[in-house]
Amino acid sequence: MDRDEIKYYINKPETLKERASKICSELYGNRIFVRGLIEFSNLCDENCLYCGIRKGNRKIKRYKLSLKEIEEIAKRAYEFGIKTLVLQSGERGSEPIQKIVELVEKIREIDQNIRVTLSAGIRSYSDYKILKDAGVNRYLMRFETSDEDNYKFLRDGLFLKDRLLAIDNLRELGFEVGSGFMTGLPNETEETLINNILLCQKYGFDMVGIGPFIPSPDTPLADFEQSGIELTLKAAALIRIALPLSNIPATTAAASLVPNGRELMLTWGANVIMPNITPKGIKENYLLYPNKVCINEDFEESIKDMSSRAESIGKVLDFSYGDSKSFISRMATS
Ligand code: SAH
Ligand code: SF4
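Start counting the sequence shown at 4; every next residue gets the next number (the numbering used here).
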């Protein structure tokens, strides 16, 4: 899509929704892929202004799950039928990469075919290579905003070009690559949204995660005004049109902003959900933003709830690997 086409759709939301949901059902039927999200540590070396677990927030209790705890959760999820796990944490360049390798190896012992996604921020090329060799299949790292100045402001002095370089490295190493952005960040305009879409299109991400920015207490942006869910829905639908073969999750942030946020995203082009399988009593410390849903329930309950929510919009949960069609076609032609 070019700039004008994106603008056209932004001003015609009903047409946009219809087109995106048609593409989605043609490619994925009524199926929604399920991933299990394990928030394995809230330790972070960075100070992103938007984030509740930023290094500067001294009010939260820091944790790191042990290998044994992670193994237990992964086994429980596997027995439930979840074949794709997403391991997420703060960005910790100071942590030896071997620590993450051990964790991946533990999960691989359960079943060699489990798809492992890591989301732990920027690391060096050689670290990513070690992770790839250890069996990490996918990597998730949003670029957050395509506006260089705003990125630098919001990530407390870091550079967008470094994030994009890391994404290039992941791609070169053969990962299935996910990225994405938040909607409604401070200093954002319609142009930013358009540029975000164009950046995703240019990179051809295999997965695009989009969620509303939700101001978090005890961060410098605590008092920033909350934008509505519409921006997120439009962004998801635009991505479905720009990158039909990419997986798009209906994000927890959307559900935290409005109760039916995930169902809405699923009718605006999203095709993935990521139930949080971090143990109860621990996930309450992984508060990137407030009012996070599913904090007080076991994952089996959340999945049951998601299953009936899916049914309410004529969809069903799909527990297969759900490799990105974009990745499959990229690999076939490389
Ligand atoms: N530390 C890693 C992964 C964990 S953060 C990283 O930064 O990549 C995962 C995502 O949470 C971020 O990419 C960001 O888009 C999102 N996030 C952080 N704070 C948020 C907030 N206040 N509202 C909504 N999403 C937020
Ligand atoms: Fe750390 Fe990620 Fe939060 Fe930034 S968004 S502070 S890197 S956890």
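In this text, a Cβ means the ideal position worked out from N, Cα and C, and glycines have one as well. Small disclaimer: the values here were computed from a predicted structure and weren't measured.
Are the CB atoms of residue 212 and residue 181 within a distance shorter than 8 Å? yes
Closer than 7 Å: residue 214 CB and nearest the ligand GTP heavy atom: The ligand GTP is not part of this structure, which contains only the ligand SAH and the ligand SF4.
Quick one: is the Cβ of residue 55 within less than 7 Å of any heavy atom of the ligand SAH? yes
So the candidates are 197, 16, 202, 191; which of them puts its Cα closest to the Cα of residue 170? 202
Could one say the Cβ of residue 93 lies closer than 8 Å to chain D's Cβ atoms, at least one of them? Included in the structure is just one protein chain, with no chain D present.
Would you grab the beta carbon distance between residue 188 and residue 142 for me? Rounded to a whole angstrom, and I think it's under 8 Å. That belief does not hold up - the Cβ atoms of residue 188 and residue 142 are roughly 23 Å apart, past 8 Å.
Can you find the residues in the same chain that come closer than 6 Å, C-beta to C-beta, to residue 290, ignoring five residues on each side of it along the sequence? 55
Give the single residue among 162, 158, 217, 148 whose Cα lies nearest to the Cα of residue 197. 148
Grab the span of the alpha helix (DSSP H) containing residue 113 for me, first residue to last. 100-113
Member of 150, 119, 93, 105 whose CA lies at the smallest distance from the CA of residue 125: 93
When you compare only the Cα positions, how much space is there between residue 275 and residue 253? Each residue's alpha carbon lies about 6 Å from the other.
So, for residue 121: in the same chain, excluding its five sequence neighbours on each side, which residues have a beta-carbon less than 6 Å away from its beta-carbon? So the qualifying residues of the chain are 90, 139, 142.
Reference residue 386; option with closest CA among 207, 298, 200, 99: An answer regarding residue 386 cannot be provided, because it is not within the stretch 4 to 337 covered by the chain.
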